[in-house]
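For the sequence shown, position 599 matches number 599 in the UniProt record's numbering, and the numbering has no gaps at all.
The next block holds one structure in the form of structure tokens; read it before the comments.
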Amino acid sequence: MTCETPCADCSSACAERPLVDIEDYKAELSKLRARSKALEEQLSELTVESSDSGKGKGKGKGKSEGKGKSEGKSEGEGEGKGRRLRSAEWFNRTDERGLHLVYMDRYLNYGLTKEELSSNKPIIGIAQSGSDVSPCNRHHLELAKRVREGIRTAGGIALEFPTHPIQETTRRPTATLDRNLSYLTLVELLYAYPFDGVVLLTGCDKTTPACLMAAATMNIPAICLNVGPMLNGSLQGERVGSGTIIWRARDLYTAGQIDADELTDMVCSGTPSPGHCNTMGTASTMNALAEALGMALPGSAAIPAPYRERSQMAYHTGLRIVDMVREDLKPSDIMTRAAFENAIVVNTAIGGSTNAPIHLNAVAKHVGVPLDLDDWDRLGYAIPLLVNMQPAGEMLSEDYYRAGGLLAVMADLLDAGKLPHPEAVTCNGRTIGDNVRGKHTWDRRTIKPFSEPMKENAGFIHLKGTLFDSAIMKTSVISPAFRKEFLQDPADPNAFECPVAVFDGPEDYQDRVEKAAIGRRTILIMRGVGPLGYPGAAEVVNMHAPSHLLKRGVRDLPCIGDGRQSGTSGSPSILNATPEAADGGNLALVRDGDRVRVDLDKRRVDILLPENELKARRKELEAKGGYQIPPSHTPWQDIFRREVGGLSEGMVLKRAVQFQRVAQNFPAPRDNH
């Protein structure tokens, strides 16, 4: 074959130019292709070890920088090539084709294809908490559609499933029973089914901690999406906050200042749209803390449920979870000790709920991070209150979102040097510092400057003493009237001694509050309402004064109890007392008329009785069989009582905390056939 280039157009000497044969090139290309195929086959058989520490993961969206395990029985083609996904243990089996088809065929019945399921694309669960039974989360039935679209766009396959419903306002005797039950069922679902990652649809109070606890235990890539708060409530031109208005309306009704119809109008005016409470109650608090921990996308917590930005965030959440699976970015990589310390500081700055320590301590236990109430006092007490939002302030959720939400609060904390760990990694693969830097508010009425806060030293105080071993008090809701009456004695500042009126549950309180000896300086004690006593730790400690005091304008009496109170309440209560009366705590020994001393500076609450009197009372109580509680009404109540710990420890199921990083310790369940 001769050279095809004319000599006149050639710059080289003929001696330097070899003759070209196209068949030689074809043969060489064929050899290279064969070699490339052989190398690919060898590469697919290699095991790529995973680093469980999560270091160096995912600094950029859409790029997989994490490593994973490829220890399966076959290697699927498609999205996850190079790392065998967990779902391949169901849908991509070659060791037992019969089982492969058993696991797959029923999913084909509603339109999925075997090509999709065996493609090694990430299978993403959508943990649906919305239903007719849980109206605060019901909007998730719509939001889940956008989550699904995000998952599909990113190359994943979505499988939506229901979680155990939790509705704070309806569930009796208390929704706290459902937190641990929902946690258990969610862990079991995530382990038993072929999920590579999960979007956790959160919202109403206990939904968020239940989801975070389950994510911590299972430890597959997980991300939270809050349903969002309601729109602002309004009545006669004034902002009306859901939940918070109930306590105000109750006092007015008890004092005879409004009738039953006005009571109804006031309460219902606070709940004008889909979503959870529009105040900084437990729902807004826990979803803010999920974002502060790094388990929700930046800026997601405060978006009101009906806003278009909420649906857009649902789509972005669906996109992101697929990348998290590719990066192998897990809850244990995100929910570190540093992340929890950030969350404690944030809780004070936003005026978060007294339920936050219970729930966050529980999440920490399930992820294996040491956290206790001393940490809350040490890290959070000296932080100022920045958010002017009910119940500690005047604004509501729409105002807060428009002012910049949590990003703006954390930007101020970062600038003030009060965000402990700006280097903590979040679910978008960036650090919390990178996420919030420069996101300052324009609205200094709603989010106060760090130098001019709503209140200084606004965190929880961890109290101990002879009345209990552990309890907390929320300082951000101490009103000027309460401070003047109880905390401003020049001879005894930040302390008070008062007689007590003791109530054994809300029924006893309702029966006797108008008859008991209660004066302007009486401490109200509610006992028998903790995890064991109620059961489940009810929100009944925030008691109002009797009508004769309410008519005189007295609204804030100090309350102490072994139960909880609503995060929407502004009552200056001492809560979550541990051990509770039903567990042998000294609260069981207190009687009407006894005197109790509260000293906030010394962090103590003491019953002013001699030791021999306390011993005599305990002996008398034990002779009667101990503090009496109602029987369990259902199997779950009985199981709960046998397994649960105290409020100061997060009220977790004691035997559950031993199960951590389940997906790593037990990569797949045993076959079912």
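Beta carbons are placed, not taken as given, at the ideal position from N, Cα and C, and that holds for glycine.
Span separating the alpha-carbon of residue i from that of residue j
i	j	result
Ser134	Val227	12 angstroms
Thr336	Ala292	12 angstroms
Phe340	Ser479	29 angstroms
Gly72	Arg179	Per-residue confidence for Gly72 stands at a pLDDT of 34, beneath the threshold of 50, marking its modelled position as unreliable; the derived number appears in the next sentence. Spanning the two alpha carbons is a distance of roughly 35 angstroms.
Glu496	Ala349	It should be pointed out that residue 496 corresponds to Phe in this sequence rather than to Glu. If I take the Cα positions, the gap works out to 27 angstroms.
Gln660	Leu186	14 angstroms
Gly78	Glu116	No answer about Gly78 holds up, because its pLDDT of 43 lies below 50 and its placement is not dependable.
Ala154	Leu252	54 angstroms
Glu643	Ala343	28 angstroms
Pro667	Arg86	7 angstroms
Lys31	Leu108	41 angstroms
Pro610	Lys619	15 angstroms
Ala362	Leu212	9 angstroms
His544	Arg308	40 angstroms
Gly645	Val652	6 angstroms
Asn347	Leu419	12 angstroms
Tyr400	Ala481	26 angstroms
Asn542	Val598	17 angstroms
Ile639	Gln257	45 angstroms
Ala192	Asp95	20 angstroms
His673	Met104	13 angstroms
Lys439	Ser566	31 angstroms
Other residues of its chain near residue i: CB distance less than 7 angstroms, five sequence neighbours each side excluded
i	result
Val267	Ile245, Ile246, Ala249
Asp671	Leu99
Gly62	With a pLDDT of only 38 at Gly62, under the threshold of 50, the placement of this residue in the model should not be trusted; the figure read from the coordinates follows. Closer than 7 angstroms at Cβ, skipping near neighbours: Asp323.
Arg604	Leu463, Lys464, Gly465
Residue from the options with nearest C-alpha to residue i
i	options	result
Asp592	Glu485, Val513, Arg148, Thr441	Val513
Thr578	Ile629, Ile523, Ser632, Gly650	Gly650
Leu141	Ala127, Tyr307, Ala491	Ala127
Thr217	Ser87, Ile350, Val369, Ala517	Val369
Leu360	Thr208, Leu189, Ser566	Thr208
Val387	Lys455, Gly438, Asn435	Lys455
Arg148	Arg437, Gln236, Val198	Val198
Cys224	Leu201, Lys515, Thr431	Leu201
Asp415	Gly429, Asp443, Pro449	Pro449
Thr113	Asp132, Glu96, Asn92, Met280	Asn92
Asn586	Ile461, Val652, Ala616	Ala616
His164	Leu189, Leu143, Ala158, Gly156	Leu189
Asp434	Ala623, Asn542, Leu407, Arg555	Leu407
Leu373	Glu507, Ala356, Val325, Lys418	Ala356
Ala581	Ile629, Ser182, Asp638, Asn457	Ile629
Val325	Asp583, Ile523, Gly156	Gly156
Met473	Arg106, Asn494, Lys484	Asn494
Leu575	Leu143, Met104, Ser470	Ser470
Asp504	Ile560, Phe486, Pro391	Ile560
Gln658	His366, Phe460, Arg402	His366
Sequence-distant residues of its chain with Cβ nearer than 8 angstroms to residue i (five each side left out)
i	result
Val590	Leu467, Val500, Val502, Ile525, Arg527, Val596, Ile607
Glu394	Arg239, Asn388
Arg132	Checking the sequence shown, residue 132 turns out to be Asp, not Arg. These residues qualify, in order along the chain: Arg138.
Asn665	none
Leu487	Ile478, Pro493, Asn494, Ala495, Phe496, Leu600
Leu532	Glu580, Ala582, Asp583, Ile629, Arg641, Val644
Neighbourhood of residue i by C-beta, 6 angstroms cutoff - its chain only, sequence neighbours within 5 removed
i	result
Leu331	Leu is not the amino acid found at residue 331; the sequence shown has Pro there. So the qualifying residues of the chain are Ala215, Ala216, Asn219, Ala222.
Lys551	Ala255
His139	Val227, Pro274, Ala305
Ala158	Ile124, Ile126, Arg148, Ile151
residue 701	Past the boundaries of the shown model lies residue 701; the chain is included only from 1 to 673, so the question cannot be answered.
Gly80	At Gly80, the pLDDT of 46 sits below 50, so the modelled position is not reliable; the number obtained from the coordinates is stated separately. Result list for Gly80: Asn120, in chain order.
residue 715	Residue 715 falls outside the range modelled here, since the chain spans only 1 to 673, and no answer is possible.
Pro506	Val540
Gly130	Asn137, Arg138, His140, Leu141
Residue i beta carbon near the ligand NAP (any heavy atom closer than 7 angstroms)
i	result
Tyr509	Here there are no bound small molecules, and the ligand NAP is not part of this structure.
Below-8 angstroms beta-carbon distance, residue i vs any chain D residue
i	result
Phe195	Structure shown: chain D not included; a single protein chain is present.
- [ ] Report yes or no: do the stretch 174-183 and the stretch 534-547 share at least 3 C-beta pairs separated by less than 8 angstroms?
- [x] yes
Open item on the list: Count Cβ pairs between the stretch 421-435 and the stretch 293-302 that sit closer than 8 angstroms; are there 3 or more?
Closed with: yes
TODO: Please confirm if the stretch 281-289 is in contact with the stretch 298-311, defined as three or more CB-CB distances below 8 angstroms between the two stretches.
DONE: yes
Task: 4-residue-minimum alpha helix (DSSP H) runs that sit fully inside the stretch 477-531, ordered along the chain - done: 506-512, all fully within the stretch 477-531.
Task: Contact the stretch 369-381 vs the stretch 309-320: 3+ CB pairs below 8 angstroms - done: no
Open item on the list: Runs of 3 residues minimum, wholly inside the stretch 534-590: which ones carry the beta strand (DSSP E) assignment?
Closed with: Listed in chain order, they are 559-561, 573-578.
Open item on the list: Suppose only complete runs of 4+ residues qualify. What are the alpha helix (DSSP H) ranges in the stretch 319-391, listed by chain order?
Closed with: 331-334, 337-350, 356-367, 373-380
Task: Inter-stretch contact (C-beta, 8 angstroms, three-pair minimum) for the stretch 541-560 and the stretch 513-522 - done: Contact holds: three or more Cβ-Cβ distances are below 8 angstroms.
Task: In chain order, each alpha helix (DSSP H) run of at least 4 residues that lies wholly inside the stretch 101-171 - done: 114-117, 140-153
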